[in-house]
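Following: one structure in structure tokens, then a few remarks.
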Amino acid sequence: MAEITPVPLADLTTLRVGGTPLRMVEARTRDELISALQEAWSQGEPWLVLGGGSNLLAGDEPFDGTVVLVRTSGIQRVEGAREGHVRLRVEAGHNWDALVEYTVAAGLAGIEAMSGIPGSAGAAPIQNVGAYGQEIVETLVEVELLDEATGEVETVSADALGLGFRTSVLKQHYGRGAERSGVIVSITLELQDVGAGDVSVRGAQLRQALRLAPDAAVSLRWIRETVLATRAAKGMVLDDADPDTHSAGSFFQNAIVSASFARTLPPECPRWPMAVEIEPVTVIPLAAFDGVVPPPVSVQPDVKVSAAWLIEHSGPGKGFRLPRSRAGLSTKHALALTNRGGATAGEVAELARYIQHRVQSEFGLLLQPEPVLVGVEL
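Reading the sequence shown from the start, the letters are residues 1 to 378 in the UniProt record's numbering.
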């Protein structure tokens, strides 16, 4: 590993905010990454792992600890895949979109809808990244995890990571720490080997985003190019010249609410059921049948609702800025809080609090931040 002269986190994060850490280490190999973290943990100092810096809002004050820059890379085919599938082991620092590009070129399906998401492969399972109804939980097999409690690397199955909607046991949610403290060293995905030809597109949300009929078949390459174009139109593909991309992506999570709460929202608010609703079946043993059939009990699945729609219909629209603030909503997508040039973390946080207040006042729902917040309060 190499200890380097610390630079402001504003230079390393896509939101372009954040103070300078006390110490900074660059890890380019697996062994360097493990060694750097073990050393930081042994000294009991604050630590922060930084990959692509795309899901972080860091405070303006200096970070009083060590920042480890994960610069590992590499993709390796490994054994154990089901028939018709391929397993890939990917180093934690590997660029996520470069990984997606690799899989599409190789004809491997499963993560193509997540094209254009910034960040590193090792960060993807932490918040179960996803886009257009496709999530990494669908393809993740396991991770190699450097556990802070033991200082050892262990293989952890995807089932043990508590992967849910933008969450896992490794994620630090706003207001509480991670359930398990550690750093992902590598991830293993199992992808379907479909080749370069056209394939059917699973998932209503993805078909809707791509404007495809239920029976449509397209190539992985077409899906990737269409998703990239769609994200670019929303300012969700990094571009140094475009302030709309100087963000942490979607700052607020699409909210998961009960079906009954969803019915209190305007019918125009986009929503997607989190599970298929199945009609209940009642089985009564013949010997116990008394001629009365109890009414069925319907259990309705939770519903995901659009945070972007809630924001725009609570007052703040695309391009909204508070007076004298250098932070603002993207002019292309109301879910992205952006740095319009020289904004501080405090200004971004102020805007986030205002939006939370407006949505809660209008719809009775408190939006939760998606990025990890370090040294910042909402």
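Using N, Cα and C, we set each Cβ at its ideal position, and we do this for glycine too.
Runs of beta strand (DSSP E) lying entirely within the segment 5-66, each at least 3 residues, in chain order
23-27, 47-50, 56-58
Extent of the continuous beta strand (DSSP E) to which LEU329 belongs
If you number the sequence shown from 1, residue 329 lands on position 329. It spans 327-329 - the beta strand (DSSP E) in which LEU329 sits, taken as one unbroken run.
Going straight from the alpha carbon of GLY375 to that of LEU57, what length do you get?
Here the question's residue 375 lines up with position 375 in the sequence shown. Here the question's residue 57 lines up with position 57 in the sequence shown. Roughly 8 Å between the two C-alpha positions.
So what's GLU277 in DSSP terms, helix, strand or just coil?
For the purposes of this step, residue 277 is identified with residue 277 of the sequence shown, where counting begins at 1. Interpretation of GLU277 is limited by its pLDDT of 49, a score under 50 that renders its predicted location unreliable; the figure taken from the coordinates is listed afterwards. In the structure shown, GLU277 sits in coil (DSSP, three-state: anything other than H, G, I, E or B).
Ordered along the chain, which non-local residues of its own chain (more than five positions away) have a Cβ less than 6 Å from that of PRO301?
Locating residue 301 in the sequence shown gives position 301, where the first residue counts as 1. Same-chain partners within the cutoff: PRO273, MET274, ALA275, GLU277.
Thinking C-alpha only, which one of PRO285, MET24, LEU12, ARG224 is nearest ASP97?
Mapped onto the sequence shown, residue 97 falls at position 97. Answer by Cα proximity: ARG224.
Cβ shell of VAL49 (< 7 Å), same chain only, five flanking positions each side left out:
Taking the first residue of the sequence shown as position 1, residue 49 is located at position 49. So the list reads VAL68, VAL70, VAL183, once near-sequence residues are dropped.
Tell me where the alpha helix (DSSP H) around GLY182 begins and ends.
Residue numbering aside, residue 182 sits at position 182 when the sequence shown is read from its first letter. Segment 182-193 is the beta strand (DSSP E) holding GLY182; no alpha helix (DSSP H) there.
Given a cut-off of 8 Å on the beta-carbon distance, is the pair THR338 and HIS246 in contact?
Residue mapping note: residue 338 aligns to position 338 of the sequence shown, counting from 1. Residue mapping note: residue 246 aligns to position 246 of the sequence shown, counting from 1. Yes, Cβ-Cβ distance for THR338 and HIS246 is below 8 Å.
Could you tell me how far apart the beta carbons of THR139 and GLU190 are, in whole angstroms, since I believe they sit closer than 8 Å?
Position 139 of the sequence shown, counting from 1, holds the residue named residue 139. Position 190 of the sequence shown, counting from 1, holds the residue named residue 190. With 8 Å as the limit, THR139 and GLU190 qualify as a contact, their Cβ atoms being about 6 Å apart.
Whether VAL7 touches ASP60 by CB criterion (8 Å):
Counted from its first residue, the sequence shown places residue 7 at position 7. Counted from its first residue, the sequence shown places residue 60 at position 60. Cβ distance not < 8 Å, so VAL7 and ASP60 don't count as in contact.
Measure the alpha-carbon distance for GLY116 versus ARG211 and round it to whole angstroms.
Here the question's residue 116 lines up with position 116 in the sequence shown. Here the question's residue 211 lines up with position 211 in the sequence shown. Distance between the alpha carbons of GLY116 and ARG211 is about 19 Å.
What residues are listed by DSSP as bridge partners for residue 405?
Shown here, the chain extends from 1 to 378; a query on residue 405 therefore has no answer.
Beta-carbon spacing of ALA248, SER54 below 8 Å:
Taking the first residue of the sequence shown as position 1, residue 248 is located at position 248. Taking the first residue of the sequence shown as position 1, residue 54 is located at position 54. Yes, the pair counts as a contact, with Cβ atoms nearer than the cut-off.
Indicate the three-state DSSP secondary structure (helix, strand or coil) for ASP147 in the structure shown.
As a working note, residue 147 is residue 147 in the sequence shown. Three-state DSSP puts ASP147 in a strand.
What's the call for GLN43, buried or exposed, on a 16-neighbour Cβ count within 10 Å?
Stepping through the sequence shown from its first residue, residue 43 is reached at position 43. Classification for GLN43: exposed.
Taking only the alpha-carbon atoms, compute the straight-line gap between PHE363 and SER181 and give it to the nearest angstrom.
Within the sequence shown, numbered from 1, the residue matching residue 363 stands at position 363. Within the sequence shown, numbered from 1, the residue matching residue 181 stands at position 181. Looking at the two C-alpha atoms, the distance is approximately 35 Å.
Distance CB(GLY235)-CB(HIS313) smaller than 8 Å:
Taking the sequence shown and counting its residues from 1, one reaches residue 235 at position 235. Taking the sequence shown and counting its residues from 1, one reaches residue 313 at position 313. Cβ atoms of GLY235 and HIS313: not closer than 8 Å.
Here's the rule I'm using: 16 or more other beta-carbon atoms within 10 Å means buried, otherwise exposed. How should ARG82 be labelled?
Against the sequence shown, residue 82 aligns to sequence position 82. It counts as exposed.
Can you tell me whether PHE289 is buried or exposed? The criterion is at least 16 other CB atoms within 10 Å of its CB, across all chains shown.
Mapped onto the sequence shown, residue 289 falls at position 289. PHE289 is exposed by the Cβ-count criterion.
Does DSSP put residue 382 in a helix, a strand or coil?
Since the first and last residues shown for the chain are 1 and 378, residue 382 lies out of range.
Give me the DSSP bridge partner(s) of ASN128.
On the sequence shown, position 128 is the one that residue 128 refers to. Note: ASN128 sits in no beta bridge, so no partner.
Going by C-alpha distance, which of HIS173, LEU228, VAL25 is nearest GLY65?
Taking the sequence shown and counting its residues from 1, one reaches residue 65 at position 65. The residue with the shortest Cα to Cα distance from GLY65 is VAL25.
Cα-Cα separation, GLU101 to ILE34
As a working note, residue 101 is residue 101 in the sequence shown. As a working note, residue 34 is residue 34 in the sequence shown. For GLU101 and ILE34, the distance between alpha carbons rounds to 28 Å.
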